[in-house]
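Numbering that gives the first Met the number 0 numbers the first residue of the sequence shown as 0 and each following residue consecutively.
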Amino acid sequence: MWIVPESEIAGLMTREAAFDAVEKVFAAMATGDAYNFPVVREAIGHADALYGFKGGFDRAGQTLGLKAGGYWPNNLETHGIINHQSTVFLFDPDTGRVKAMVGGNLLTALRTAAASSVSIKHLSREDAKVIGMIGAGHQAKFQLRTALEHRDFEKVIGWNMHPEMLPNIEKVATEAGLPFEAVELDGMREADVIITITSSFAATLMADNISPGTHLACMGTDTVGKQEVDPVLLSKATVFTDEVAQSISIGEAQHAISQGLIAEADVYQIGSVINGTHPGRESADQITFFDGTGVGLQDLAVAASVVELAIEKGIAIEVEI
Ligand code: NAD
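Structure follows, in structure tokens:
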């Protein structure tokens with residue numbers, strides 16, 4: 000078995016490799032070559048932790064396994080380590096033997112950033128110039144950094160419920176040589192692409208806060224009850240997702256579905272656009288919407304990619320089990 004420790008991931012994994020791995024696995028999901036297992040998420044009644052598993056099998060990439068982990072709210076204060084903790088386990092699909100154990104914390108950030116950027120590449124207008132960020136926490140920095148590599152953006156605008164956090168994303172814009180402006184929510188009308196990445200439980204972005212032709216990637220809603228945008232907005236958009244079953248139950252579409260504003264059949268897999276079986280954006284005025292819920296196959300794809308790199312570079316640790 001190979002071990003790739005968390006401490007080695009930053010030196011091995013690139014945003015480009017994460018993007019390629021996620022784009023490929025979304026495509027495989029749409030052809031039926033890859034599928035996700037039902038998600039397990041439990042409040043374990045210890046340390047206030049939420050713990051669970053996200054797994055799947057990708058026949059095309061021959062990747063089988065799971066990500067185990069979750070959220071320990073007291074970690075930072077009590078143990079000096081980050082609250083989100085995860086580890087990916089890969090198995091040999093021919094024998095069931097464990098193949099690799101990989102630190103999953105940075106990989107989760109990179110695979111989530113890759114997902115919104117895959118949607119930007121395939122659904123936003125090619126002439127998009129202004130990117131709007133709603134959210135300015137840990138994950139927002141990753142989402143923005145990767146997004147800037149997929150269109151020739153000229154300006155970043157941002158809104159956050161806690162404005163004191165906006166310098167987090169301003170720094171990313173500045174490093175990329177782009178101007179940054181903090182705006183009110185109706186200022187988002189200037190944006191050609193909007194990413195939402197918050198832990199909100201109520202809609203903040205309203206349907207009249209966006210302009211025709213915008214592409215939205217909503218990434219924060221990954222649990223029942225979470226919500227970032229006005230459900231009416233989904234009824235005005237063409238809606239895509241990583242995994243339809245998750246989108247309508249734990250993703251942003253859960254609200255539009257429960258209010259009867261859209262039906263399950265109105266939600267398309269992003270992989271079908273990548274594969275060319277769905278046309279994706281068909282006009283400059285169309286609003287496109289990506290509901291990024293986060294699937295186990297994304298984790299397995301980036302983990303498999305990093306194991307390959309680690310073996311190549313002699314960094315992976317081999318142990319007999
Ligand atoms: P974080 O704690 O670092 O940042 C949270 C962000 O949400 C901040 O911008 C904060 O100001 C904002 N926020 C907090 N409460 C809010 C509220 N009531 N209304 C509006 N905004 C509020 O967290 P993070 O690591 O950046 O993660 C952000 C979200 O993304 C979380 O909900 C997390 O579960 C989700 N996430 C999704 C995926 C995926 O694959 N879709 C992957 C990782 C994280």
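All residues carry an ideal CB built from backbone N, CA and C; glycine is no exception.
When DSSP labels each residue in this structure, what does K312 get in the three-state scheme? coil
Identify every run of the alpha helix (DSSP H) within the region 179-234, keeping only runs that are complete inside it and at least 4 residues long; order them along the chain. 230-234
In terms of residue numbering, what span does the beta strand (DSSP E) encompassing A262 cover? Taken as a continuous stretch (DSSP letters only), A262 belongs to no beta strand (DSSP E), as it is neither H nor E.
Name the two residues that bound the continuous beta strand (DSSP E) containing Q268. 266-268
Under DSSP, the alpha helix (DSSP H) around V21 begins and ends at which residues? 14-30
Following a CB-centred definition, is I119 positioned closer than 7 Å to any heavy atom of the ligand NAD? no
If I measure Cβ to Cβ from A201 and keep anything under 7 Å in the same chain, skipping five residues before and after, which residues do I get? Q226
Going by beta carbon distance, what residues of the same chain come within less than 8 Å of A252, once the five residues before and after it are set aside? L233, V238, T240, S246, I261, V266, D290
So, at 7 Å on beta carbons, what are the nonlocal neighbours of G64 in its own chain, with the 5 sequence-adjacent residues on each side left out? G54, V87, F88, L89, F90, L299
Please classify K154: does DSSP put it in a helix, a strand, or coil? strand
Given the structure, does T145 come close to the ligand NAD, in the sense that its CB is under 7 Å from one of the ligand's heavy atoms? no
Short Cβ contact (8 Å threshold) for R144 with A112: yes
Just checking, does the region 41-49 make contact with the region 57-76 on the three C-beta pairs under 8 Å criterion? yes
Taking DSSP as the reference, what is the three-state secondary structure of E125? coil
Whole-number beta carbon distance between D191 and T173, since they are thought to touch under 8 Å: Between D191 and T173 the Cβ distance is about 20 Å, and since that is not below 8 Å, they are no contact.
K312 classed as buried or exposed, judged by whether at least 16 other C-beta atoms fall within 10 angstroms: exposed
Enumerate in chain order the residues of its own chain whose CB-to-CB distance from P178 is below 6 Å, with the five nearest sequence positions on each side excluded. K154
Can I196 and Q138 be called in contact, C-beta distance under 8 Å? yes
Pull up the DSSP beta-bridge partners for L49, would you. A42, Y70
Taking 7 Å as the cut-off, is the beta-carbon of K170 closer than that to any non-hydrogen atom of the ligand NAD? no
Check whether the Cβ of S85 lies closer than 7 Å to any heavy atom of the ligand NAD, and answer yes or no. no
Could you give the residue range of the beta strand (DSSP E) that holds S85? 83-90
I'd like to confirm the pairing. Which residues does DSSP put opposite I133 in its beta bridges? W158, T195
Using a 10 Å radius around the Cβ and a threshold of 16 neighbouring Cβ atoms, would you call S118 buried or exposed? buried
Within 8 Å, do at least three Cβ pairs link the region 183-190 to the region 202-210? yes
Mind checking who M0 pairs with in its DSSP beta bridge? In the DSSP output, where bridge partners are listed per residue, M0 has none listed.
Limits of the beta strand (DSSP E) - the one that N35 falls within: 33-35
Alpha carbon to alpha carbon, how far is K128 from D93? 47 Å
For G199, which residues from the same chain have a beta carbon less than 6 Å from its beta carbon, with the 5 sequence-adjacent residues on both sides left out? First, the amino acid is wrong: residue 199 is Ser here, not Gly. Answer for S199: E227, listed in chain order.
Apart from the five residues just before and just after P162, which ones in its own chain have a Cβ nearer than 8 Å to its Cβ? A181
Contact check, A315 vs V3, beta carbons under 8 Å: yes
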